[in-house]
Amino acid sequence: MSNATVDLVCGPADPLPGSEQSYRLTGLLGSGGQADVYQAVRVSAGVASAPLSVKVLRLNPHDTREHQFRSWDKGDAVLMDLHGRNVGAICRRIDAFYGRLPHPPGQAPQGEPVPFQVLEYLPGHDLRQLLQWRVGRVDAARTLKSVAEVMQAMHHPPVGAHPVLHMDLKPANVIIGPDGSAKVIDFTGARYYTPAHLTTIAYTRETAGPEAHQGNVGPAYDVHGFGSIAFYLVTGASARTDSPGQEQTVPWARLRKHPVLESHPRLRELLTAPLDDKPENRPRTEELPRWIGELCAVVSRANLPDLGVDWNTQHTGGPHSVPMGAPIDSAATRRLDRPSAPAAPPTQVAPQADSTRVMADGTRVMAAGVPSQQVQDKPVAGRVRVPGQDERPDGYSPGRSAGPPAERGPLPRLKLATDPEEPSERELDKADRPPLLGPPGSLSKGFELSVIGGLFSLIMWLIWAIQQGMETLRSQVFSYLFVLAVAVGVFFLIRVAGGILWGRWLHAKRKSARLAHLATGLFLFMVGMSYLDQLSWSWISLEFGWFDWITDLFGE
């Protein structure tokens, strides 16, 4: 639908005379399957305010008014809450009311009241318009970081606040202002991450994750939408599409095989990580800043075609700078007389009865609204399976991040090329084994036992060496050094044997080395007794025949 200049009025249906003409609508900014968005001003006593945006719900005849009003109210409550939390980089909510449809000035309004939202007016263009019209350049790092910061604020709120899912992150829902700043818009499908709020799941086929068809989404669902934005900035194309011959083989579109990615394996690996069919394989929200830095580095080195996107973080020409001679609208706002880029389908709409899937627990998966003349998606029935992508025999299963908070498991940490090499499973298993020699500091405990045996053997050796004479002293020194080497070997042999038997087989704690020191001390004591047995002093008469094997080893 083309943007066009309009002259309409609207306002709340309240008793104050003239209230239903308190907003003057001057231009149509966009229209989808669920709502129309106008540029407007607030008029009070003939004085007009600064530009605003007014969003008007367009009722779907195939759904009940009560359900549509409740659904709208949930999204409005979430956006008001985020505004109150002072979440940056979002379109601010200013007011909301129920009123009858916009009508020309001076005419009486017609019909039943419908919900309106009054929002901050954002001059600029969405990402789809910027890349297709080439009216300016986009700072990719700044844009992606802004979206990631909004996701972080939604998924990890302050204490006492509820987590939020946007559920419709896509290029058309990111506005780039004249100063290059990015803001996330369209929170109509946003919900608190609680079962009471997640009764309807917003779904846009080209950008949403497959887990929507299981009726069970979580923060990873927004990560997939974030990945579709990054995919568009790199390739200029939507992340998911049906290739020829694959239409409706599964309820969701497959990932697009783009020639730019096929020729750059590392870029393909990095860019498809947040777009994985299984939520548990996607990076966590808190990992996205690192992922953005890695993506910018890889794209900067890849020498890709220029789509009007700057990936060099050192770019100094301004994040939304325009090349000389390039056409640009006045004040970098949307031109109301210019055809818009094809808008991505709006979310949270049930345009036809057969495009809505009701899960067993009552959760509704609302496909994007499309014109009635287009072919609707077929209804999804039973469990679904992705051929060649799911090893489970019973079909696709949602990831751990998709369930309620109490059931969610930790997602695997994102591995980037700049990270240090992680140890293998074999190395981790080896690190978990208790050391054969015992924990640090345990070897010195019981050392006094070895010292006592060593001192006794040393004294006996000195007496024996003196009796043998100085002419053989050199050989006797080497003999005693050999005894000490054997003693050290006995200590470590017993220590290693104890580590295998006591530490690894019996899994017992080893706090000291007293047993090994005791065995070493006894060995040195026996060596000392063997030296004593060889003394020929008349006042000493000892028989140590059971030490003869030691005497034969170290004596003459």
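Per full-length UniProt numbering, the sequence shown starts with residue 1, numbered consecutively. We treat Cβ as the ideally placed atom computed from N, Cα and C, and that holds for glycine. Computed from a prediction, not measured in an experiment: that's the story for all the values here.
Residue i vs residue j beta-carbon contact at 8 Å
{"i": "V240", "j": "T207", "result": "As written in the sequence, residue 240 is Arg, which differs from the Val given in the question. Contact flag set, yes."}
{"i": "Q467", "j": "L535", "result": "yes"}
{"i": "S457", "j": "V527", "result": "yes"}
{"i": "L267", "j": "L275", "result": "no"}
{"i": "F97", "j": "F69", "result": "no"}
{"i": "P157", "j": "D7", "result": "no"}
{"i": "M151", "j": "L288", "result": "yes"}
{"i": "T188", "j": "A35", "result": "yes"}
{"i": "S71", "j": "T200", "result": "yes"}
{"i": "A182", "j": "V147", "result": "yes"}
{"i": "E211", "j": "P283", "result": "no"}
{"i": "A153", "j": "I292", "result": "no"}
{"i": "W461", "j": "Y480", "result": "yes"}
{"i": "A465", "j": "Q476", "result": "yes"}
Distance between residue j and residue i (C-alpha atoms, nearest Å)
{"i": "P109", "j": "C10", "result": "8 Å"}
{"i": "A230", "j": "V184", "result": "14 Å"}
{"i": "Q214", "j": "R24", "result": "43 Å"}
{"i": "P219", "j": "D186", "result": "17 Å"}
{"i": "T204", "j": "D168", "result": "7 Å"}
{"i": "E66", "j": "N60", "result": "11 Å"}
{"i": "G88", "j": "E286", "result": "17 Å"}
{"i": "P178", "j": "H125", "result": "9 Å"}
{"i": "R334", "j": "G84", "result": "Residue placement at R334 cannot be trusted, given a pLDDT of 33 that sits under 50; what the coordinates show is reported in the next sentence. Using only the alpha carbons, I get a separation of about 28 Å."}
{"i": "G209", "j": "Y232", "result": "15 Å"}
{"i": "P123", "j": "N303", "result": "32 Å"}
{"i": "C91", "j": "Y221", "result": "21 Å"}
{"i": "N86", "j": "A202", "result": "24 Å"}
{"i": "K511", "j": "S442", "result": "6 Å"}
{"i": "G46", "j": "Q21", "result": "11 Å"}
{"i": "A161", "j": "A237", "result": "36 Å"}
{"i": "L255", "j": "V223", "result": "15 Å"}
{"i": "R301", "j": "H264", "result": "10 Å"}
{"i": "P15", "j": "L144", "result": "46 Å"}
{"i": "V483", "j": "P435", "result": "27 Å"}
{"i": "G18", "j": "G99", "result": "12 Å"}
{"i": "T472", "j": "W502", "result": "45 Å"}
Start and end residues, beta strand (DSSP E) containing residue i
{"i": "Q39", "result": "A35 to S44"}
{"i": "D14", "result": "First-last for D14: undefined, no H or E at that position."}
{"i": "D76", "result": "No beta strand (DSSP E) contains D76, which is instead part of the alpha helix (DSSP H) from R65 to G84."}
{"i": "V135", "result": "First-last for V135: undefined, no H or E at that position."}
{"i": "E149", "result": "Taken as a continuous stretch (DSSP letters only), E149 belongs to no beta strand (DSSP E), being part of the alpha helix (DSSP H) at A140 to H155."}
{"i": "T520", "result": "Premise fails: T520 lies in the alpha helix (DSSP H), R514 to D533, not in any beta strand (DSSP E)."}
{"i": "E120", "result": "V114 to E120"}
{"i": "A96", "result": "R93 to G99"}
Cβ shell of residue i (< 6 Å), same chain only, five flanking positions each side left out
{"i": "A341", "result": "Below a pLDDT of 50, predicted positions are generally treated as unreliable, and A341, at 40, falls in that range; no measurement from the model is reported."}
{"i": "G106", "result": "none"}
{"i": "L524", "result": "G453, G454, S457 and A487"}
{"i": "D310", "result": "R137 and D139"}
{"i": "T26", "result": "Q39"}
{"i": "R134", "result": "G308"}
{"i": "L437", "result": "R495"}
{"i": "F491", "result": "A516 and T520"}
{"i": "H166", "result": "A190 and D222"}
{"i": "A508", "result": "W502"}
Contacts around residue i, its chain only, beta-carbon distance under 7 Å, and the 5 residues preceding and following it disregarded
{"i": "H197", "result": "K74 and R191"}
{"i": "V78", "result": "V164, F187, A190, R191 and Y192"}
{"i": "L270", "result": "E294, L295 and V298"}
{"i": "K170", "result": "T204, T207, G225, S228, I229 and A344"}
{"i": "N312", "result": "S300"}
{"i": "R58", "result": "Q34, A35 and D36"}
Cutoff 8 Å; reference residue i; Cβ partners in own chain excluding five residues on either side
{"i": "L515", "result": "G446, I494 and G498"}
{"i": "L52", "result": "Y23, Q39, A40, V41, R42, I94, V118, L119, E120 and Y121"}
{"i": "L101", "result": "C10, V56, P109, Q110, G111 and V114"}
{"i": "S330", "result": "Unreliable placement is indicated for S330, whose pLDDT of 32 sits below 50; no coordinate value is reported for it."}
{"i": "A253", "result": "R205, E206, R240, T241 and D242"}
{"i": "G469", "result": "none"}
{"i": "E149", "result": "G88 and A89"}
Unbroken alpha helix (DSSP H) run spanning residue i, endpoints
{"i": "P259", "result": "P259 to E262"}
{"i": "S31", "result": "Per DSSP, S31 belongs to no alpha helix (DSSP H); it is in the beta strand (DSSP E), Y23 to S31."}
{"i": "S457", "result": "F447 to Q468"}
{"i": "S53", "result": "Where S53 is concerned, there is no enclosing alpha helix (DSSP H), although the beta strand (DSSP E) it sits in stretches over L52 to L57."}
{"i": "R474", "result": "L473 to G498"}
{"i": "P283", "result": "That residue, P283, is in no alpha helix (DSSP H); it is neither H nor E in DSSP."}
{"i": "P265", "result": "P265 to L271"}
Query raised in the report: In the region 163-235, which residue ranges form an unbroken beta strand (DSSP E) of at least 3 residues, counting only runs that do not cross its ends?
Result: 174-176, 182-184 and 200-202
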